[in-house]
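As you go down the protein sequences, you meet chains Z and B in turn.
If you count the first sequence from 1, you need to add 67 to reach the working numbering.
If you count the second sequence from 1, you need to add 67 to reach the working numbering.
Protein chains: 2
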Amino acid sequence: MTARRAASARATINDVAAVAGVSRGTVSRVLNAEAYVSEAARSAVIDAISKVGYVRNNAARNLATRQSHAVGLVVHEPHSLFLEDPNIGSILLGINSALSDADYQLVSLVIDSDRDSHRVAEYLSGGFVDGVIIVSARAHDPIAKVVAELGIAAAFVGHPVDIEGIPYVGIDNFSAAKAITTRLKETGRRRIGMIAAGLDRDSGQDRMAGFRAALGDSFDAELVITTPLYAHASGVDGMRLLLDRAPDVDGVFAASDAMAAGVIDVLREAGRSVPGDVGVVGFDDSAWATRAQPPLSTVHQPAGQLGRRAAESVLAQLRGETVDTDGTFLETAIVWRDSA
Amino acid sequence: MTARRAASARATINDVAAVAGVSRGTVSRVLNAEAYVSEAARSAVIDAISKVGYVRNNAARNLATRQSHAVGLVVHEPHSLFLEDPNIGSILLGINSALSDADYQLVSLVIDSDRDSHRVAEYLSGGFVDGVIIVSARAHDPIAKVVAELGIAAAFVGHPVDIEGIPYVGIDNFSAAKAITTRLKETGRRRIGMIAAGLDRDSGQDRMAGFRAALGDSFDAELVITTPLYAHASGVDGMRLLLDRAPDVDGVFAASDAMAAGVIDVLREAGRSVPGDVGVVGFDDSAWATRAQPPLSTVHQPAGQLGRRAAESVLAQLRGETVDTDGTFLETAIVWRDSA
DNA sequence: TCGCCGTCTGGGAACGCTCCCAGTTGCATT
DNA sequence: AATGCAACTGGGAGCGTTCCCAGACGGCGA
């Protein structure tokens, strides 16, 4: 097959103007819903548009307005995130939905970790996007710094970073972790441990702090196992270690559902029943939670809303509105199932 | 914070021309790597570009060339796909990598199932994208039909559809299913069942046909359980039913790794050991495979390559090359772990 | 010497919009 | 009747490229 170009003779704004018997300017005003257009002119234009099958040429508009009407989604370390993060899909859908409502296009800027952030910086400064949403940046992130310097409209999804002046949309990891740990404690558990992860990010630190706060005096640092990743394997390794250190453990807070699933696997292997002998709670309310045996009690993250709100913040900045740089925290909810 | 516009005074091709002491046309020729530029002019232009910090304005180029230099990725039913399909992430990365190598931009066209395909058709015909990649279309897909009518450069990922003239990149589900079933049979299993899914797509049908072909005379329709989704829960339900029907089953081919994980859960619950009492094999080689206890023997799908090849097909069409409409099948490989 | 051709260059003319200014109405107010 | 103002309209200018044509230059064969 040879590629055919799409029908070459596309109608332009001039064709519409000619058919409607008005000028180019009036058509443009109708298209952009501006004031000062008579009802007669408006309906004539609308009729003409459907008659000639007019579709706006974005390239021309972008050139004239010096805006791209596109917002970039910067995702770091694509493989780990795209393939393992249970929330990224929902976040993406939330962003996409908010942007398309506002007639903006989402372009995905996947960053290969082996390339320099220079390439991204150039892309961002190249006017290809009007704004940018950054998912899950680490502290001291080079791209975050570039965005801050460029002064481009931006928002972070996930958690605050060490950069001033850029809003973020996240959840209150501290309170959520504290709440579910408290709830676990209320089921009568006395020796509660935690499998922590992602301590290089605020989210991970906050979950651990929340856990500690919930336990108060009964907190025992011995019962906190630190692992690098939020993965199933980390839960397995962490739980083995914990069981070794404290065979009398009767409650576990895992920093993610994937880890909690690993924890349950290890407990079963060791002949402990869940929730009979040990209560287990997770974090995320991802697909892991319902597929686990037994289904996990966990913290529900409003991932879709996280994306939507971040996109709305960028759009507001693009409209020239003042947005809150302190960021916003979305509500989490405890989902109590059978694992504790 | 008030949004600041990115540095307003961006260098244009004219600035470069002025600094290099050549004309606009020469700069353009250098930028597009055209012939007939003297070495002196070329290096002067290159120096000038870096001196003034020139970055190409895509809107202007798109307007002048009447091309968008963008390729759309159409994803249906975003929720089920994005959130459950273990391959979609890799496919996306593969596409993105091929496109950015060729200086094309990926724009994601997520289709909300409740809206009409009309909106997508308009988008596609609106010149916003030069080509389109469609992931996992069903038979009789309306958007696939629209693409075919438009004659826009396109490729399908996943499996052939009922549309003529559009290439696809997929795997040979029949052969792969046959191969892994045969391998399972060779481990000495006599009563082999299958948990099938996705029979509304060719991929699902082919996997079942491959299973049947591998068993030959020993095929027993009683041992095939049909479920709607490739999900963990389908594996659980399907295996319960199968165990009920045939308590002597000693081998199971699940149509996806997620289902295979569900199968294993049910077997454990029923006191059967894997692979001791029952051998289980899956399909996909997704994250489910390695996290399962025991790790799954399964069929490896080259998801990233699937995306890359589809993108390359679209790019070839865009260059006006003739591409094979029959599509291409990529090699799968059996990954033998511990579950069988 | 002349003419030709291949190599290289400059710049006018689009591409299809938006912006903005200069008008032209029609109506209320003086 | 004259004035002012709000409501509306037309069209020139410009956004930053690419495309393409006209032309300059130099080397080479006749």
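C-beta: ideal position from N, C-alpha, C; glycine also.
Predicted model only: the values in this text are computed from it and were never measured.
Leaving aside the five residues before and after residue i along the sequence, list all residues of the same chain whose C-beta is less than 8 Å from its C-beta, in chain order.
i	result
Z:TYR103	ARG96
B:SER90	ALA84
For residue i, which residues from the same chain have a beta carbon less than 6 Å from its beta carbon, with the 5 sequence-adjacent residues on both sides left out?
i	result
B:ALA298	ALA325
Z:ALA87	ALA111, VAL112 and ALA115
B:ASP304	none
B:PHE278	ALA244, THR248, MET261 and PHE320
Z:SER323	TYR297, PHE350 and ASP351
B:ASN240	SER270, ASP273 and ARG274
In the DSSP assignment, find the beta strand (DSSP E) that holds residue i and state where it starts and stops.
i	result
B:GLY88	Careful: B:GLY88 lies outside any beta strand (DSSP E) and carries neither H nor E.
Z:LEU176	172 to 177
Z:GLY260	259 to 263
B:HIS367	365 to 367
B:THR395	395 to 397
Z:PHE12	Residue 12 of chain Z cannot be examined here, being either before or after the span of chain Z that is shown, 68 to 407.
Z:GLY225	220 to 225
Just how far apart, CA to CA, sit residue i and residue j?
i	j	result
Z:ASP393	B:THR293	52 Å
Z:ALA263	Z:ILE401	19 Å
Z:VAL83	B:ALA243	55 Å
B:ASP208	B:HIS143	10 Å
Z:VAL273	Z:ASP351	This sequence places Asp at residue 273 of chain Z; Val is not what is there. Between Z:ASP273 and Z:ASP351, the C-alpha separation is close to 14 Å.
Z:THR250	Z:ALA288	It should be noted that the sequence gives Arg, not Thr, for residue 250 of chain Z. If you take the alpha carbons of Z:ARG250 and Z:ALA288, they lie about 20 Å apart.
B:TYR171	B:GLY237	23 Å
B:GLY255	B:ASP317	9 Å
B:VAL366	B:GLY349	7 Å
Z:ASP183	Z:TYR190	Only weak support exists for where Z:ASP183 lies, its pLDDT of 47 falling under 50; the value from the coordinates is given anyway. Near 12 Å, if we compare the C-alpha coordinates of Z:TYR190 and Z:ASP183.
B:VAL122	Z:GLN360	54 Å
B:LEU140	Z:SER175	11 Å
B:GLU398	B:LEU130	41 Å
Z:ALA127	Z:ILE80	11 Å
B:PRO369	B:SER353	10 Å
Z:GLN437	Z:ALA107	Because chain Z spans 68 through 407 in this model, residue 437 of chain Z falls outside it and cannot be assessed.
B:PHE286	Z:ASN125	58 Å
B:LEU98	B:SER406	56 Å
Z:ILE331	B:ASN154	26 Å
B:GLY232	B:ARG375	20 Å
B:VAL213	Z:ALA78	20 Å
Apart from the five residues just before and just after residue i, which ones in its own chain have a Cβ nearer than 7 Å to its Cβ?
i	result
B:VAL381	VAL138, GLY198, ILE200, ALA220, ALA221 and ALA222
B:ARG307	VAL333
Z:GLN372	GLY161 and LEU397
Z:ALA328	HIS299, GLY302, TRP355 and ALA359
Z:ALA281	LYS245, THR248, THR249 and LYS252
Z:SER135	ASN129, GLY194, PHE195, VAL196 and ASP197
B:GLY387	none
Around the C-beta of residue i, are 16 or more other C-beta atoms found within 10 angstroms, so that it is buried, or is it exposed?
i	result
B:PRO314	exposed
Z:ALA165	buried
Z:GLU379	buried
B:ARG358	buried
Z:THR132	exposed
B:ASP284	exposed
Z:ASP168	exposed
B:ASN163	buried
B:SER203	buried
Z:PRO22	Because chain Z here runs from 68 to 407, residue 22 of chain Z falls outside it and cannot be looked at.
B:SER301	buried
B:THR389	exposed
B:GLY156	buried
B:GLY194	buried
B:SER105	exposed
Z:PRO295	exposed
Just to confirm the assignment, what range does the alpha helix (DSSP H) spanning residue i have?
i	result
B:THR293	First-last for B:THR293: 291 to 293, but that is the beta strand (DSSP E), not the alpha helix (DSSP H).
B:LEU140	No alpha helix (DSSP H) contains B:LEU140, which is instead part of the beta strand (DSSP E) from 137 to 142.
B:GLY329	324 to 336
Beta carbon of residue i: closer than 7 Å to some heavy atom of the ligand MN?
i	result
B:GLU336	Looking for the ligand MN in the displayed structure turns up nothing, as the structure carries no ligands at all.
Legend entry - Members of the segment 365 to 379 of chain Z near chain B, C-beta cut-off 7 Å: none
Inset, instruction - Anything in the segment 82 to 114 of chain B with a Cβ closer than 7 Å to a Cβ of chain Z? List those residues in chain order, please. - result: none
Legend entry - Against chain B: residues of the segment 394 to 405 of chain Z by CB proximity under 7 Å: none
Legend entry - Selection of the segment 192 to 218 of chain B by Cβ proximity to chain Z, strictly under 9 Å: SER192, GLY193, GLY194, PHE195, ASP197, GLY198, LEU217 and GLY218
Legend entry - Contact set between the segment 289 to 303 of chain Z and chain B, restricted to residues whose Cβ is under 7 Å from the partner: HIS299
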